[in-house]
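Going letter by letter, the sequence shown gives residues 0 to 410 in numbering that gives the first Met the number 0.
Quick reminder that beta carbons are idealized off the backbone N, C-alpha and C, glycines included.
Predicted model only: the values in this text are computed from it and were never measured.
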Amino acid sequence: MLLAAAAGLGLAGCSTTGRAPDPGGAPVPAGAREGVQRLLAGRSHALRSGDVTALLAGIDPRAAALARAQEAAATAVTGVGVAQWSAEVLRLRRAPRRREEELGAPAVLADVAIRERLDGEDAVVRRAAHLTVVDRGGSWLLASTADGPTTPALWDLGPVRAARSGRSLVVAAASAPEWAEEVPAVLDEAAARVDEAWGTGWPRRTAVLVPATAADAARLLHRDPAWVAPLAALAVGDASVPGSGVRVLVQPEQFGRLSATGRAVVLTHELVHVAARTGLGLRGTGSLPLWLVEGAADQLARSGRGLDPAELARPLLQRVAAGMRPTVPTDAELRPGGGAPLDLAYAAAWTLCESIARRHGAGVLVELQRRLAVPGAPDVSALAPAVLGEDLPAAEERWRAEVHDGLAGWR
Numbered sequence: 000m001l002l003a004a005a006a007g008l009g010l011a012g013c014s015t016t017g018r019a020p021d022p023g024g025a026p027v028p029a030g031a032r033e034g035v036q037r038l039l040a041g042r043s044h045a046l047r048s049g050d051v052t053a054l055l056a057g058i059d060p061r062a063a064a065l066a067r068a069q070e071a072a073a074t075a076v077t078g079v080g081v082a083q084w085s086a087e088v089l090r091l092r093r094a095p096r097r098r099e100e101e102l103g104a105p106a107v108l109a110d111v112a113i114r115e116r117l118d119g120e121d122a123v124v125r126r127a128a129h130l131t132v133v134d135r136g137g138s139w140l141l142a143s144t145a146d147g148p149t150t151p152a153l154w155d156l157g158p159v160r161a162a163r164s165g166r167s168l169v170v171a172a173a174s175a176p177e178w179a180e181e182v183p184a185v186l187d188e189a190a191a192r193v194d195e196a197w198g199t200g201w202p203r204r205t206a207v208l209v210p211a212t213a214a215d216a217a218r219l220l221h222r223d224p225a226w227v228a229p230l231a232a233l234a235v236g237d238a239s240v241p242g243s244g245v246r247v248l249v250q251p252e253q254f255g256r257l258s259a260t261g262r263a264v265v266l267t268h269e270l271v272h273v274a275a276r277t278g279l280g281l282r283g284t285g286s287l288p289l290w291l292v293e294g295a296a297d298q299l300a301r302s303g304r305g306l307d308p309a310e311l312a313r314p315l316l317q318r319v320a321a322g323m324r325p326t327v328p329t330d331a332e333l334r335p336g337g338g339a340p341l342d343l344a345y346a347a348a349w350t351l352c353e354s355i356a357r358r359h360g361a362g363v364l365v366e367l368q369r370r371l372a373v374p375g376a377p378d379v380s381a382l383a384p385a386v387l388g389e390d391l392p393a394a395e396e397r398w399r400a401e402v403h404d405g406l407a408g409w410r
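Printed below as a string of structure tokens:
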């Protein structure tokens with residue numbers, strides 16, 4: 000699954016630019032902008048050099064709990080290795096009077112866009128942070144990370160361990176299941192499979208995050224646990240920045256129930272999303288319908304593995320046998336909580352894309368996505384005749400006939 004937007008709150012880095020405060024807001028205190036820039040510059044250097052003591056020097060001495068949390072998180076992430084960490088201040092404004100009274104000093108609220116890259120991943124990932132910075136005798140220090148939306152990074156939740164391979168970096172919670180150690184080898188095979196379809200114009204090494212529990216996965220996404228419950232993994236990236244790096248987040252409870260082949264399929268599916276998002280420079284999913292995005296990812300991930308099509312499509316075939324007419328799933332239906340059973344929507348998307356691939360070759364699914372990613376491109380119905388050699392309704396009717404036949408011709 001592709002989640003096309005994600006915010007993260009973690010340790011902040013630097014390389015800042017400031018913007019004017021909101022119209023009508025109290026003016027930012029003199030020297031605040033420069034003070035925030037110095038704070039973030041120091042944090043950036045500390046993280047990249049692994050100097051946790053230097054990072055803690057930028058914490059408000061009155062924020063003891065924050066200092067403990069930041070020390071633990073910095074120790075965890077610098078143990079993995081921070082290759083790049085920078086931040087841009089998107090918005091700087093004076094803290095409310097009540098907050099300044101609590102802090103006993105002038106303070107500002109900084110909305111920051113973090114750009115980070117860990118040792119072992121190629122793409123720079125963008126995350127959001129919301130920081131409260133206080134003036135302590137001319138030194139601007141971090142007082143809180145909880146005065147805005149707070150979505151933690153994995154290392155904010157506790158100790159982590161890292162494993163690397165030729166094509167991946169796996170960062171797992173220290174208490175994550177033992178199978179996390181097997182993920183790098185699976186990713187190498189998955190990446191090679193994606194290369195065959197998408198070429199090599201996407202990051203050669205991808206980071207995969209494995210939290211300890213499904214509840215922690217929900218915290219990392221700032222989502223309700225029920226939202227992540229049916230998911231085994233998802234690709235997470237900032238939709239506001241075309242080509243921004245994408246990471247794969249594993250939902251350990253669902254992923255852990257899968258067979259070895261099932262895990263390979265899921266990770267391949269997510270790497271297809273990484274390749275498509277970064278390789279096409281998409282802002283979100285662009286004009287691509289999710290049935291194509293998700294169905295094509297499943298088609299590539301499942302192809303050639305000797306899997307039984309009828310078993311994979313069981314949720315769809317059972318309902319069709321009971322009298323349901325197969326329909327192309329909407330974007331909403333392919334998202335958790337979209338109103339339709341997620342397994343039914345995914346089965347419909349996969350079988351439609353598999354039907355197209357069997358008729359015209361799997362390459363047309365990639366070609367459709369490439370053409371739809373071009374700014375100003377028409378929708379998929381308008382492009383289909385040029386790419387497929389037939390219109391989309393004809394492809395859909397053939398798919399419906401195959402589904403009604405129980406996919407008998409696919410075995």
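Distance between residue j and residue i (C-alpha atoms, nearest Å)
i: Thr267; j: Thr131; result: 40 Å
i: Glu99; j: Gln36; result: 20 Å
i: Pro151; j: Ser258; result: 30 Å
i: Gly283; j: Gly103; result: With a pLDDT of 47 at Gly283, under the threshold of 50, the modelled position of this residue cannot be trusted; read the value that follows with caution. Taking the straight line joining both Cα atoms gives about 42 Å.
i: Ser167; j: Leu220; result: 21 Å
i: Gly255; j: Thr212; result: 10 Å
i: Ser354; j: Ala393; result: 11 Å
i: Ala347; j: Arg192; result: 23 Å
i: Trp178; j: Ala161; result: 13 Å
i: Ala321; j: Glu395; result: 20 Å
i: Glu366; j: His359; result: 11 Å
i: Pro105; j: Gly34; result: 12 Å
i: Leu406; j: Val319; result: 12 Å
Inter-residue CB distance, residue i and residue j (contact presumed, cutoff 8 Å)
i: Leu289; j: Asp330; result: 4 Å
i: Val247; j: Val227; result: Their Cβ separation, rounded to whole angstroms, is 14 Å, which puts Val247 and Val227 out of contact at 8 Å.
i: Val327; j: Leu364; result: At roughly 15 Å, the Cβ-Cβ gap does not stay under 8 Å, so Val327 and Leu364 are not in contact.
i: Tyr345; j: Glu293; result: 6 Å
i: Glu115; j: Gln69; result: Contact flag wrong, Cβ pair sits at about 15 Å.
i: Leu291; j: Val402; result: Not quite, the Cβ-Cβ distance comes to about 17 Å (not below 8 Å), so this is no contact.
i: Leu153; j: Pro210; result: 6 Å
i: Arg370; j: Ala361; result: That belief does not hold up - the Cβ atoms of Arg370 and Ala361 are roughly 16 Å apart, past 8 Å.
Bounding residues of the alpha helix (DSSP H) (the contiguous stretch that carries residue i)
i: Pro139; result: Checking the displayed sequence, the identity of residue 139 turns out to be Trp instead of Pro. Run containing Trp139: none in the alpha helix (DSSP H); it sits in the beta strand (DSSP E), Ser138 to Ser143.
i: Trp349; result: Leu341 to His359
i: Val363; result: Gly362 to Leu371
i: Ala64; result: Ala63 to Val79
i: Arg318; result: Arg313 to Ala320
i: Ala216; result: Ala213 to Leu220
i: Leu168; result: Looking at the DSSP string, Leu168 is not in any alpha helix (DSSP H); the run it does join, the beta strand (DSSP E), is Ser167 to Ala172.
i: Arg47; result: Ala31 to Ser48
i: Leu306; result: From DSSP, Leu306 is part of no alpha helix (DSSP H); its letter is neither H nor E.
Proximity test, Cβ basis, 8 Å: residue i and chain B
i: Gly30; result: Structure shown: chain B not included; a single protein chain is present.
Neighbour-count burial assignment, residue i, 16 or more Cβ in a 10 Å radius
i: Met323; result: exposed
i: Gly303; result: exposed
i: Ala189; result: buried
i: Gly57; result: buried
i: Glu195; result: exposed
i: Ala31; result: buried
i: Pro251; result: buried
The beta strand (DSSP E) enclosing residue i, as first and last residue numbers
i: Asp134; result: Val124 to Arg135
i: Val159; result: Val159 to Ser164
i: Val386; result: No beta strand (DSSP E) contains Val386, which is instead part of the alpha helix (DSSP H) from Val379 to Leu387.
i: Arg116; result: Ala106 to Leu117
i: Trp201; result: No beta strand (DSSP E) holds Trp201; DSSP gives it neither H nor E.
i: Leu233; result: Ala232 to Gly236
Below 8 Å, can you find three or more Cβ-Cβ pairs linking the region 308 to 327 to the region 225 to 234? Flag = no, the region 308 to 327 and the region 225 to 234 do not touch.
Touching by the beta-carbon criterion (3+ pairs, under 8 Å), the region 297 to 307 and the region 256 to 276: Yes: at least three Cβ pairs fall under 8 Å.
Does the region 211 to 226 come into contact with the region 124 to 144, if we say contact requires no fewer than three beta-carbon pairs (one atom in each stretch) closer than 8 Å? no
Looking at C-beta atoms only, is the number of pairs between the region 196 to 211 and the region 118 to 135 that lie closer than 8 Å three or more? Using a C-beta cut-off of 8 Å, the region 196 to 211 makes contact with the region 118 to 135, since at least three inter-stretch Cβ pairs fall below that distance.
On the three-pair Cβ rule with 8 Å, is the region 181 to 195 touching the region 153 to 170? yes
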